[in-house]
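Data block below; observations after.
In our numbering, the protein residues as written are 670 to 872.
In structure tokens, the structure reads:
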């Protein structure tokens, strides 16, 4: 597999960070290592974007925001995965983990265990939260269409949906993940791309 790496400078929360764009066939995430890590948060914000935050045993922190899309090329439309990894500065990663914990990210139950939770729908997106730590190897939960009121009566939004909306709002205000993904797509060269069930052609 040939991988092409391009370094560009991007603005994340008014801090100059390095983003790395890779072209390949797989998306690699950080595996939890009990000798190195205290805790890892992975938040899949959409099918093509996730945030990874790491607390190390030595007291240091790290994080990355990863955007991705598939590019279809050639007569047979062979697909190549294009990813952009944006480094989250250590102090910001630490603050994010502290505040996310305070917002109950570690104790929100699975959707199927939450009253009035919608597990799926005809069309839309979901959010997946995975937490790896020494107390429990890995825990995760998935919620469908967290930011949409379509499935809920006005003023009758379940408490766990409210908590997740609060978390997403906090992340958007802190790292502007929606704008970061838009910028990633905007800077792609001409070609045919797919992400999150959407196909686009850039001319």
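Backbone N, C-alpha and C define an ideal beta-carbon position, used for all residues, glycine too.
The structure displayed is predicted, hence computed values, not measured ones.
Assigned secondary structure, residue i (DSSP; H/G/I helix, E/B strand, else coil)
i, result
"residue 674", "Summary for residue 674: the model assigns pLDDT 39, below 50, so the residue's position carries little reliability; its value from the coordinates is reported in the next sentence. Here residue 674 sits in strand by DSSP."
"residue 902", "Nothing in the structure corresponds to residue 902, since the chain is present only between 670 and 872."
"residue 717", "coil"
"residue 703", "coil"
"residue 760", "helix"
"residue 841", "helix"
"residue 779", "coil"
"residue 658", "Only positions 670 to 872 of the chain appear in the structure, and residue 658 is not among them; the question remains open."
"residue 898", "An answer regarding residue 898 cannot be provided, because it is not within the stretch 670 to 872 covered by the chain."
"residue 836", "helix"
"residue 682", "Unreliable placement is indicated for residue 682, whose pLDDT of 40 sits below 50; the coordinate value is still reported in the next sentence. In this structure, residue 682 counts as coil in the three-state DSSP scheme."
"residue 774", "coil"
Per DSSP, the bridge partner or partners of residue i
i, result
"residue 767", "The partner list for residue 767 (beta bridge, DSSP) is empty, contrary to what the question assumes."
"residue 725", "706"
"residue 735", "719, 754"
"residue 821", "DSSP, once it has assigned bridges, lists no residue as partnering residue 821."
"residue 831", "According to DSSP, residue 831 bridges with nothing at all."
"residue 795", "813"
Whole-angstrom C-beta distance between residue j and residue i, which should lie under 8 Å
i, j, result
"residue 846", "residue 714", "6 Å"
"residue 811", "residue 797", "5 Å"
"residue 775", "residue 827", "Between residue 827 and residue 775 the Cβ distance is about 18 Å, and since that is not below 8 Å, they are no contact."
"residue 701", "residue 801", "4 Å"
"residue 734", "residue 762", "With a Cβ gap of about 10 Å, residue 734 and residue 762 do not count as contacting."
C-beta contact flag for residue i and residue j at 9 Å
i, j, result
"residue 865", "residue 716", "yes"
"residue 736", "residue 755", "yes"
"residue 732", "residue 720", "yes"
"residue 724", "residue 708", "yes"
"residue 821", "residue 830", "yes"
"residue 819", "residue 739", "no"
Continuous alpha helix (DSSP H) stretch holding residue i: start and end
i, result
"residue 854", "846-855"
Span of the beta strand (DSSP E), counted from its first residue to its last, around residue i
i, result
"residue 868", "867-871"
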